[in-house]
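Q: Top to bottom, those sequences are chains A and B.
To convert, note that position 188 of the first sequence is 815 in this note's numbering; the numbers rise steadily by one, no gaps.
To convert, note that position 310 of the second sequence is 311 in this note's numbering; the numbers rise steadily by one, no gaps.
All C-beta atoms, glycine included, are put in the ideal place defined by N, C-alpha and C.
Could you have a look at this structure, given as structure tokens, before my questions?
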Amino acid sequence: MAKQPKQQKQEPSTTGHEWDGIQEYNNPLPRWWVWIFYATIVWGIWYTIAYPAWPMIEEATSGYKGWSTRANVAQEIKAAEEANAEINAKLVNAELSKIPQDPELMAYSRSAGEAVFETWCAQCHGSGAAGFKGYPNLLDNAWLWGGTLEDIHYTISHGIRNEDDADARFSEMPAFGEILPEDQIEQVVNYVMSMSPAYEPKDASLVEAGAEVYDINCAACHGPEGKGMESMGAPNLTDAIWLYGGDYAAVKDTVMNSRYGVMPPWQDRLEEYEIRAVATYVHQLGGGQ
Amino acid sequence: MTSTEPQAPESLYAAREPIFPKRVTGNFRSLKWIIMAITLGIYYITPWIRWDRGPNLPDQAVLLDLGSRRFFFFWIEIWPHEFYFVAGLLVMAGLGLFLFTSALGRVWCGYACPQTVWTDLFLAVERWIEGDRNARLRLHRQKKLDFRKARLRVTKWTAWLLIAVATGGAWVFYFTDAPTLLVDLFTLQAHPIAYTTIAILTGTTFFFGGFAREQICIYACPWPRIQAAMMDEDTITIGYREWRGEPRGKHRKAEGAEELGDCIDCHACVNVCPMGIDIRDGQQLECITCGLCIDACDEMMEKVGKPRGLIDYMALTDEERERAGEEPKPVIKHILRPRTILYTALWALVGVALVVALFIRPEIDMTVAAVRNPTYITLADGTIRNTYEVRLRNKHGEERPFRLTVKGHPAVRIQLEGTPYQTVKVPADSMLNQRVYLQAPPGSDPAKAERTDVRLWVEDISSGERAYKDTFFNGRAN
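Written out as structure tokens, the structure reads:
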């Protein structure tokens, strides 16, 4: 074992310097410590040669090992894509309506779809998919363009009111402020509000007259009973959900000026497997049909 | 400015002096052999014990399945969320060490610590190949590397390396199915992590057991420092009966022999010490209380016809009593004192709590995370819906049907994502994530109240086991 070094009965040695009578004891570092110190110097020099280190005018020296975080990330992304290639192919080749029956695809779509959603969709629809005024809540069971997996997939692929794509969904409610006199608009707004379970008409005496205006101007798209029409993106007026608000002022504003909500198409920006994953993710949030 | 004569700096570094412990026989040596056989036996045999758990679960009695995050210990299966069992065992291990150290000193260090056991094993191999202390000393001092020295060294290192490989090799069997892994290891099919682990543990075993030895205990291990605080004057530890032994000296038939104590200064206790200390200097940081010096001294005392026990297990207070000519306190009185009783009580308390927790834990389990982004949504008909991410755990070895129900308010109804039913099948020994909706019809109290307390129940329909979690339902506050 290591014996204690023999105690020497002598004055401890000093560094040999004296300042105003003050001397400094000489306490050298242990030998192994000194060697580690030298080793770190050697390692430090090697490091500046091997890795990006010295700042130059344009950029830092790149180092002979050619190491770069950017390249590493690209490589990691590539590796992750390769690792997922098989299940991505399975997802792309699966029949959309059969995906919910496949636990493996569902588990994958839930996590992959959530990642896509939080990256590309959350800006408008919210991180919890609850939407905002003008941006549909994807958790509820009301769908302007249909809530089956195929419908959601189609909407995401082509977008809404996307003028570059002839297949895109396009709703076109006229701005009735330019068509109808204001008193008729007020009548029809009161009638529409009477249809919703969530609101009462502002002036119940106008409802009957509003029904007539509705039948002539609105029923073609929203249906004679106000149930809406998914093929035209015409919302159901008899439910409790109002994308732009269901109070008198909001409904009147909608009737007068129309809304023209848009959603970008994603088929050129995302891979098909990403669109399918996010469609599946949205479909299983609670409102899917 | 004046200057003193520069002196050669005093070195604080002391090179290790190699230790060549001599072979010894006696009670403590025998006890150490037995404990070595038991501890090594447990270490090597445990992964090979089989334990039938049914078709869906591994049949290895002790298995740390890191891949699927399960710990199997005979009939016990620990899931990651039950890690507190492991924490509890660690607390018990800590308290157990406190107890043993305060009662019996460093018995763990001396007998059961892997560092001690493997060093002992390596020393036995060294002694077997190179001979006992004197032969090894000669070999060490022999500067010239002749054929004999090279042969002995290579043989010894090879034997050490084989032990080290076996040590590292046994370790990996705890983490995956042992028979499969053994075949894979030899057919080079095993995972690189297995080989890396074996390589690292081979290296550490070889170095720690063969070369670092007592330096691990003295410099690397934090436990000796803590142990000093655990011991007191009643702790049974190894001591030298100074009143009996001193003044030490060689017993000759010459004059003055009567004035000498029992210690014949033969250095037998020093020569056998694996830590290289002289126990006659008293309690020391290095001493791991392995008892070998007792054996060595007893043997000598018998040879010279003196009573045994010049070096002995005893408490510090006994030394003083004996010096004063009093009877030493019985061992049991040393061991039973408030401190050890407290440690025992705490240890037992944690142990009982763990056992109780183990027996009352359900085989089914659920966690409920309420989705509060958003707090609620309105469905088309005005129904208020809250969403919950529910995790269902089935610890059984076969698939079980779990039914989810909600209690708290009659208006609050439950609905599961992806199924019209209230029952889901959870596969064997796994966890299922299920989105669960609670809904209150428009106009009902929960739909209007800011908050309604509810309780989610999960029931294993096949066995009737139940578990619940409390949460709350958010309605339209305004």
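Compare the C-beta of residue 904 (chain A) with all C-beta atoms of chain B and state if any pair is closer than 9 Å.
A: On the first sequence, residue 904 (chain A) is found 277 positions in, with the first residue counted as 1. Closer than 9 Å: no.
Q: Quick one: which unbroken alpha helix (DSSP H) runs of 4-plus residues sit fully inside the segment 208-289 of chain B? Chain order, please.
A: DSSP runs (the alpha helix (DSSP H)) wholly in the segment 208-289 of chain B: 224-231, 243-246, 269-273.
Q: Can you pull the chain A residues whose beta carbon is under 8 Å from the beta carbon of residue 374 (chain B), in chain order?
A: Position 373 of the second sequence, counted from the first residue, corresponds to residue 374 (chain B). Those within 8 Å of residue 374 (chain B) in chain A are 753, 754, 755, 757.
Q: Classify residue 853 (chain A): buried if its beta carbon has 16 or more other beta carbons within 10 angstroms, exposed otherwise.
A: Here residue 853 (chain A) refers to the residue found at position 226 of the first sequence. The residue in question, residue 853 (chain A), is buried, as its Cβ has 16 or more Cβ neighbours within 10 Å.
Q: Have a look at B:61, B:76, B:134, B:60 and flag the residue whose alpha-carbon is nearest the alpha-carbon of residue 360 (chain B).
A: On the second sequence, position 359 is the one that residue 360 (chain B) refers to. Here the closest residue by C-alpha is B:76.
Q: 9 Å is my cut-off, CB to CB: does residue 861 (chain A) come that close to chain B?
A: Within the first sequence, numbered from 1, the residue matching residue 861 (chain A) stands at position 234. Chain B, which has no Cβ nearer than 9 Å to the Cβ of residue 861 (chain A), makes this no.
Q: Answer yes if the segment 155-172 of chain B comes into contact with the segment 199-211 of chain B, meaning at least three C-beta pairs across the two stretches below 8 Å, and no otherwise.
A: yes
Q: Can you pull the DSSP bridge partners for residue 473 (chain B)?
A: As a first step, residue 473 (chain B) must be located in the second sequence, where it is residue number 472. BP columns for residue 473 (chain B) point to B:454.
Q: Closest to residue 879 (chain A) by C-alpha separation, out of A:686, A:665, A:829, A:794, would be which residue?
A: Looking up residue 879 (chain A) in the first sequence gives position 252. For the residues A:686, A:665, A:829, A:794, the minimum Cα distance to residue 879 (chain A) belongs to A:829.
Q: For the beta strand (DSSP E) holding residue 425 (chain B), just list the boundary residues, first then last.
A: The residue you call residue 425 (chain B) lines up with position 424 of the second sequence. Unbroken beta strand (DSSP E) run through residue 425 (chain B): 424-427.
Q: Is any beta-carbon of chain B found at less than 9 Å from that of residue 727 (chain A)?
A: For this step, residue 727 (chain A) is matched to residue 100 along the first sequence. By this cut-off, residue 727 (chain A) is an interface position.
Q: Around the Cβ of residue 862 (chain A), are there at least 16 other Cβ atoms within 10 angstroms (buried) or fewer (exposed)?
A: Position 235 of the first sequence, counted from the first residue, corresponds to residue 862 (chain A). Classification of residue 862 (chain A): buried, given that the 10 Å Cβ count is 16 or more.
Q: Quick check: residue 910 (chain A) and residue 774 (chain A), are their CB atoms within less than 9 Å of each other?
A: If you number the first sequence from 1, residue 910 (chain A) lands on position 283. If you number the first sequence from 1, residue 774 (chain A) lands on position 147. Yes, the pair counts as a contact, with Cβ atoms nearer than the cut-off.
Q: Answer yes or no: does any C-beta atom of chain A fall closer than 9 Å to that of residue 117 (chain B)?
A: Here residue 117 (chain B) refers to the residue found at position 116 when the second sequence is read from its first residue. For residue 117 (chain B), the answer is no, since every Cβ of chain A falls outside 9 Å of its Cβ.
Q: Give me the subset of the segment 378-390 of chain B whose CB atoms are less than 9 Å from a CB atom of chain A, sorted by chain position.
A: Listed by position, the residues of the segment 378-390 of chain B near chain A (Cβ gap below 9 Å) are 378, 379, 380, 381, 382, 383, 384, 386, 388.
Q: Measure from the C-beta of residue 649 (chain A) to each C-beta in chain B and report whether the shortest distance is under 9 Å.
A: By 1-based counting over the first sequence, the position of residue 649 (chain A) is 22. No, its Cβ sits nowhere closer than 9 Å to a Cβ of chain B.
Q: First and last residue of the alpha helix (DSSP H) that includes residue 1 (chain B)?
A: Any question about residue 1 (chain B) goes unanswered here, given that chain B covers just 2 to 479.
Q: Among B:386, B:442, B:434, B:47, whose alpha-carbon lies nearest the alpha-carbon of residue 179 (chain B)?
A: Here the question's residue 179 (chain B) lines up with position 178 in the second sequence. When each option's Cα is compared against that of residue 179 (chain B), the closest is B:47.
Q: Along the alpha helix (DSSP H) that carries residue 168 (chain B), what are the first and last residues, could you check?
A: Position 167 of the second sequence, counting from 1, holds the residue named residue 168 (chain B). Note, residue 168 (chain B): alpha helix (DSSP H), 148-173.
Q: Smallest Cα separation from residue 202 (chain B): which of B:112, B:218, B:191, B:167?
A: Along the second sequence, read from residue 1 onward, the residue named residue 202 (chain B) stands at position 201. Of the candidates B:112, B:218, B:191, B:167, the one whose C-alpha sits nearest the C-alpha of residue 202 (chain B) is B:167.
Q: Quick one: give me the first and last residue of the alpha helix (DSSP H) that residue 730 (chain A) is part of.
A: What you label residue 730 (chain A) is simply residue 103 of the first sequence in a count that begins at 1. Unbroken alpha helix (DSSP H) run through residue 730 (chain A): 730-743.
Q: Any idea if residue 923 (chain A) is buried or exposed, counting beta-carbon neighbours within 10 angstroms, 16 or more meaning buried?
A: Given a span of 628 to 916 for chain A in the structure shown, any question on residue 923 (chain A) remains unanswerable.
Q: Which residues, in order along the segment 435-448 of chain B, keep a beta-carbon less than 9 Å from a beta-carbon of chain A?
A: Contact residues of the segment 435-448 of chain B toward chain A are 436, 438, 443 (C-beta to C-beta distance below 9 Å).
Q: When Cβ atoms are compared, which residues of the segment 828-849 of chain A fall closer than 8 Å to chain B?
A: none
Q: Looking at the C-beta of residue 260 (chain B), does it have a partner C-beta in chain A at a distance below 9 Å?
A: What you label residue 260 (chain B) is simply residue 259 of the second sequence in a count that begins at 1. By this cut-off, residue 260 (chain B) is not an interface position.
Q: Please report the residue range of the beta strand (DSSP E) in which residue 408 (chain B) lies.
A: Reading the second sequence from its first residue, position 407 is the one you call residue 408 (chain B). Annotation: the continuous beta strand (DSSP E) that includes residue 408 (chain B) extends over 401-408.
Q: For residue 842 (chain A), which option in A:860, A:717, A:819 has the closest C-alpha, if you only look at C-alpha atoms?
A: On the first sequence, position 215 is the one that residue 842 (chain A) refers to. For residue 842 (chain A), the nearest C-alpha among the options comes from A:819.
Q: With a threshold of 9 Å between beta-carbons, can residue 418 (chain B) be considered close to chain A, or not?
A: Translated into the one-based positions of the second sequence, residue 418 (chain B) becomes position 417. The beta-carbon of residue 418 (chain B) is placed less than 9 Å from the nearest beta-carbon of chain A.
Q: Beta-carbon separation of residue 387 (chain B) and residue 474 (chain B) under 9 Å?
A: Stepping through the second sequence from its first residue, residue 387 (chain B) is reached at position 386. Stepping through the second sequence from its first residue, residue 474 (chain B) is reached at position 473. Cβ distance < 9 Å, so residue 387 (chain B) and residue 474 (chain B) count as in contact.
Q: So for residue 364 (chain B), helix, strand or coil by DSSP?
A: Here residue 364 (chain B) refers to the residue found at position 363 of the second sequence. Three-state DSSP puts residue 364 (chain B) in coil, outside helix and strand.
Q: For a contact defined as C-beta to C-beta under 8 Å, what are the partners of residue 766 (chain A) on chain B?
A: Working through the first sequence from its first residue, we reach residue 766 (chain A) at position 139. Chain B residues near residue 766 (chain A): 375, 378, 386, 388.
Q: With the cut-off set at 9 Å, would you say residue 311 (chain B) and residue 242 (chain B) are in Cβ contact?
A: Here residue 311 (chain B) corresponds to residue number 310 of the second sequence, with the count starting at 1. Here residue 242 (chain B) corresponds to residue number 241 of the second sequence, with the count starting at 1. Yes, Cβ-Cβ distance for residue 311 (chain B) and residue 242 (chain B) is below 9 Å.
Q: Can you check whether the C-beta of residue 912 (chain A) is within less than 9 Å of a C-beta belonging to chain B?
A: Mapped onto the first sequence, residue 912 (chain A) falls at position 285. Interface residue, yes.
Q: Which same chain residues end up closer than 6 Å to residue 903 (chain A) when comparing Cβ atoms and leaving out the 5 residues on each side of it in sequence?
A: By 1-based counting over the first sequence, the position of residue 903 (chain A) is 276. Excluding positions up to five away in sequence, the list reads 718.
Q: Taking Cβ-Cβ distances below 8 Å as the criterion, which residues of the segment 855-888 of chain A are in contact with chain B?
A: Listed in sequence order: 863, 866, 867, 868.
Q: For residue 754 (chain A), is the classification buried or exposed, using 16 other Cβ atoms within 10 angstroms of its Cβ as the cut-off for buried?
A: For the purposes of this step, residue 754 (chain A) is taken as residue 127 along the first sequence, with counting starting at 1. Exposed is the call here.
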